[in-house]
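Which chain is which? The protein sequence lines are A and B, in order. Letter by letter, the first sequence follows residues 1 to 339 of full-length UniProt numbering. Letter by letter, the second sequence follows residues 1 to 339 of full-length UniProt numbering. Beta carbons are placed, not taken as given, at the ideal position from N, Cα and C, and that holds for glycine. Because the structure is a prediction, the values reported are computed rather than measured. Working notes, structure below.
Number of protein chains: 2
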Amino acid sequence: MTGWVLGVDSGGSGLRLALARTAAGRETPVAAATATADGPVRTGPSGIDADHLLELVLPRTAALLSELPEPPDAAREDGPDGKRSPRIVAVCVGAAGMATLGDGLRTVLPGAFARELGARRVALAADAVTAYAGALGERPGAVVAAGTGMIATGTDLRGWRRADGWGHLLGDCGGGAWIGRAGLEAALRAHDGREGGSRSLLARAEAVFGPPASLPGMLYPRADRPAVLASFAPEVARCAGEGDPVAVRVLEEAAAQIATTAAAVCPPEEGSPVALTGGLLGLGGPLLAPLRRELASRLPHARTVPAAGDPLAGALLVADRLARDALRLPADPAFLHLG
Amino acid sequence: MTGWVLGVDSGGSGLRLALARTAAGRETPVAAATATADGPVRTGPSGIDADHLLELVLPRTAALLSELPEPPDAAREDGPDGKRSPRIVAVCVGAAGMATLGDGLRTVLPGAFARELGARRVALAADAVTAYAGALGERPGAVVAAGTGMIATGTDLRGWRRADGWGHLLGDCGGGAWIGRAGLEAALRAHDGREGGSRSLLARAEAVFGPPASLPGMLYPRADRPAVLASFAPEVARCAGEGDPVAVRVLEEAAAQIATTAAAVCPPEEGSPVALTGGLLGLGGPLLAPLRRELASRLPHARTVPAAGDPLAGALLVADRLARDALRLPADPAFLHLG
């Protein structure tokens, strides 16, 4: 079925959504309009808060729809008010924590999107799946999504393999919060006079957060602790770029963790593509140089390829294939739930 | 001044309080009555919640006072209702996070205890200071307090040195939450097929918390995340005791961290006493054996001594010395605030 599809990418630091026309054949849908919301969707005792997500998504979708260029007849239908309005055929929401904290979303969103947008098909994907679809489309391979968190996802198109993505207390090893946390720990070691400290990292921590004694009070009461930790990762990269040996070691260890995680999910076929995605790559050389070395050593059979698109593009691609009954990526109750 | 003193020990997993008669000379006050409250005092945007602490402390203190044996005249005074009731001369509250999150307590508690209990002297101490006073009294040396968190405190009786105690995201290296977290990470590595995993730890994690996929949802929404992490530390010790090499390595590394932290605060004098305190010692041999090795290697000039008492005994000791104008431990705006 042709018309418009809605993609949503919900992450630790905010939410993005986009509308695209359904594509043709194996083409990639192109975002026609996008919108953003700052800050993460709330997480409560029952997981990711579906009502909060809808509060963020529905008004922004309505605004985007109202600004769309005149759609062809096939993409319109009569609305309840008698006006012919654009038709949303399918929605894909990719969300951080979907696999483990997504029960509320799986219960609420398919019905809500059908009711509010007329969407007939809804996909609820782990952010790792939308990152995968954005980066490699529907080819088998492995995708590393490294931002505040860290997860690697692989598929042979029969099933999914996931490694890490357990959040900042249980894993996300080598991700932005992990790097920033290690950098702040090294700063406080220097402050205390403990072994393993870095005075350069301490100076940067004081410049960014103020006196060390105020740091716990600035971090622990916040709901977005992983984002606060990750905000220090660029300072670690900066100190590493200037040769600070503790910062260099933090990034070398992060690179080893990321490659280890990729190795756990990559299909064994020679030449399997591995794409690196996510904001963490913005740390540049101090991370990327050791990461290239670690990937070459731990995944000699794979080849690193550029990511074709981002997780929002991946959400649009999944929504598009779903709209046209052409999805090749495998469904999965936790990673890619089709409602 | 003689009479009764109140000691309070507020930690990550609950609160304890005790009343004691003022002592004589350098004697240690002896708790005459104690009470407990489960669960940590709340922390809000302005730090530790003073009103919540008072809600827990005041009714329990009133109950203890009402059950005290008939006090001698010197420890009684006329109450507002004309009845002669026991006199609380001094209070010492030792609280986790006092140094960094204690501004609200320092503002509210001295006035509140004067008003509600008639206390003329109030000491607000970091839990590290009450742990010190309980373990070594007023001798110079170093005390390691290792429970859910991890902090080392040293004094030469002129000033305090503190190392670590930064909480589970910034430090507390080698403490209960640190060990439990490392154990759960190793469990999830095994689940994912990543290097560095332990199938024994995975089996224990599944036995304690259920399927790995449910773990993030059980941990991240909770306010007592450090306690949840620390609850897994005994499982790590158990696996280490059974020879699991990953668990053994976690405890060896914890021991190295604890000794490193102690070394940062211990006075340099030959024979300086170092006392180990806190619930973490209950992990037994799998932690204590490597800890003895690490202390001998990193602190050859010090001697490890048993702790004389716990942090609640330390709070009573500080309150007693304060009541009698005989405190030798040095005051400090953050660690030992005298109101």
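Can you give me the C-alpha to C-alpha distance between residue i and residue j, rounded to a whole angstrom?
| i | j | result |
| --- | --- | --- |
| aspartate 164/B | glycine 149/A | 25 angstroms |
| arginine 324/B | serine 214/B | 54 angstroms |
| aspartate 73/B | arginine 87/B | Note that aspartate 73/B scores a pLDDT of 49, beneath 50, so its modelled location is shaky; the value from the coordinates is reported in the next line. Cα to Cα, aspartate 73/B sits roughly 10 angstroms from arginine 87/B. |
| aspartate 310/B | glycine 134/B | 5 angstroms |
| arginine 121/A | aspartate 156/A | 24 angstroms |
| leucine 19/A | alanine 205/A | 40 angstroms |
| glycine 82/A | proline 69/A | Only weak support exists for where glycine 82/A lies, its pLDDT of 47 falling under 50; the coordinates are left without a value. |
| arginine 222/B | glutamate 270/B | 45 angstroms |
| glycine 210/B | alanine 145/A | 27 angstroms |
| leucine 58/A | leucine 6/A | 11 angstroms |
| threonine 4/B | valine 318/B | A small correction: the amino acid at residue 4/B is tryptophan; threonine does not occupy that position in the sequence shown. Near 13 angstroms, if we compare the C-alpha coordinates of valine 318/B and tryptophan 4/B. |
| leucine 201/A | aspartate 320/B | 42 angstroms |
| glycine 104/A | methionine 98/A | 9 angstroms |
| leucine 136/A | proline 216/B | 28 angstroms |
| cysteine 266/A | alanine 203/B | 25 angstroms |
| valine 250/B | alanine 307/A | 37 angstroms |
| alanine 275/A | proline 110/A | 30 angstroms |
| alanine 90/A | aspartate 224/A | 31 angstroms |
| threonine 260/A | leucine 288/B | 32 angstroms |
| alanine 296/A | glutamate 242/B | 36 angstroms |
| glycine 147/A | proline 45/B | 27 angstroms |
| glycine 12/B | glutamate 55/B | 17 angstroms |
| threonine 43/A | glycine 167/A | 13 angstroms |
| threonine 28/B | threonine 130/B | 13 angstroms |
| glutamate 253/A | leucine 169/A | 17 angstroms |
Going by Cα to Cα distance, which pick from the options is closest to residue i?
| i | options | result |
| --- | --- | --- |
| glutamate 116/A | Leu101/A, Thr153/A and Ala62/A | Ala62/A |
| arginine 328/A | Ala203/A, Ala262/A, Leu276/A and Tyr132/A | Tyr132/A |
| glycine 176/B | Ala119/B, Ala187/B, Leu283/B and Arg292/B | Leu283/B |
| glutamate 294/A | Leu280/A, Ala262/A and Pro268/A | Ala262/A |
| arginine 162/A | Leu188/B, Trp160/B and Arg161/B | Leu188/B |
| proline 330/A | Gly102/A, Trp178/A, Arg158/A and Gly14/A | Arg158/A |
| aspartate 51/B | Phe113/B, Ala24/B, Ala23/B and Arg21/B | Phe113/B |
| glycine 47/B | Ala95/B, Asp9/B and Val8/B | Ala95/B |
| leucine 53/A | Gly174/A, Asp9/A, Gly137/A and Ala152/A | Asp9/A |
| alanine 128/A | Ala24/A, Gly154/A, His191/A and Arg42/A | Gly154/A |
| proline 290/A | Val274/A, Ala255/A, Ala259/A and Ala313/A | Ala255/A |
| valine 305/A | Thr130/A, Gly25/A and Pro140/A | Pro140/A |
| alanine 119/B | Thr2/B, Leu170/B, Asp244/B and Leu280/B | Thr2/B |
| glycine 278/A | Glu252/A, Gly25/A, Ile151/A and Trp178/A | Ile151/A |
| alanine 247/A | Tyr220/A, Gln257/A and Gly197/A | Gly197/A |
| alanine 190/A | Leu170/A, Pro273/A and Pro212/A | Pro212/A |
By the criterion of Cβ-Cβ separation under 8 angstroms, what are the contact partners of residue i in chain B?
| i | result |
| --- | --- |
| threonine 43/A | Tyr220 and Pro221 |
| leucine 229/A | Leu169 |
| threonine 100/A | Ala213, Ser214, Leu215, Pro216 and Gly217 |
| alanine 163/A | Asp192, Gly193 and Arg194 |
| glycine 97/A | Pro216 |
| alanine 334/A | Ala213 |
Along chain A, in chain order, which residues have C-beta atoms closer than 7 angstroms to that of residue i?
| i | result |
| --- | --- |
| leucine 188/B | Trp166, Leu170 and Gly171 |
| arginine 181/B | Leu169 |
Which chain B residues sit within Cβ distance under 9 angstroms of residue i?
| i | result |
| --- | --- |
| leucine 184/A | Trp166, Leu169, Leu170 and Gly171 |
| glycine 104/A | Simply none; closest approach about 10 angstroms. |
| alanine 264/A | Arg189, Asp192, Gly193, Arg194 and Glu195 |
Show which residues of chain A have a CB atom less than 8 angstroms away from the CB atom of residue i.
| i | result |
| --- | --- |
| threonine 261/B | Asp192 and Arg194 |
| arginine 225/B | Leu169 |
Starting from residue i, find everything on chain B with Cβ-Cβ shorter than 7 angstroms and list it in chain order.
| i | result |
| --- | --- |
| alanine 247/A | Result: empty, since nearest Cβ-Cβ is about 16 angstroms, beyond 7 angstroms. |
| glycine 47/A | Gly217 |
Would you verify that the beta carbon of residue i is, or is not, closer than 8 angstroms to some beta carbon of chain D?
| i | result |
| --- | --- |
| phenylalanine 209/B | Of the protein chains in this structure, namely A and B, none is chain D. |
Nearer than 7 angstroms: is that true of the beta carbon of residue i relative to any heavy atom of the ligand GDP?
| i | result |
| --- | --- |
| alanine 275/A | With respect to small molecules bound, the structure shown includes none, and the ligand GDP cannot be examined in it. |
Is it the case that the stretch 223-243 of chain B contacts the stretch 170-187 of chain B, given that we only count it when at least three CB pairs across the two stretches are under 8 angstroms? yes
Mind pulling the alpha helix (DSSP H) runs of 4 or more residues that sit fully within the stretch 265-335 of chain B? 285-298 and 311-323
For the 8 angstroms Cβ check, are there 3 or more pairs between the stretch 26-40 of chain B and the stretch 51-67 of chain B? yes
For the stretch 31-116 of chain B, which segments carrying the alpha helix (DSSP H) assignment without a break, of at least 4 residues, lie completely within its bounds, in sequence order? 50-67 and 98-101
Within the chosen definition, does the stretch 229-249 of chain B reach the stretch 124-131 of chain B through at least 3 CB pairs nearer than 8 angstroms? no
With a floor of 4 residues, list each alpha helix (DSSP H) that falls wholly inside the stretch 164-241 of chain A, ordered by position along the chain. 176-192, 199-209, 215-219, 225-230 and 233-241
Using 8 angstroms as the Cβ pair cut-off and three pairs as the minimum, do the stretch 297-313 of chain B and the stretch 331-338 of chain A touch? no
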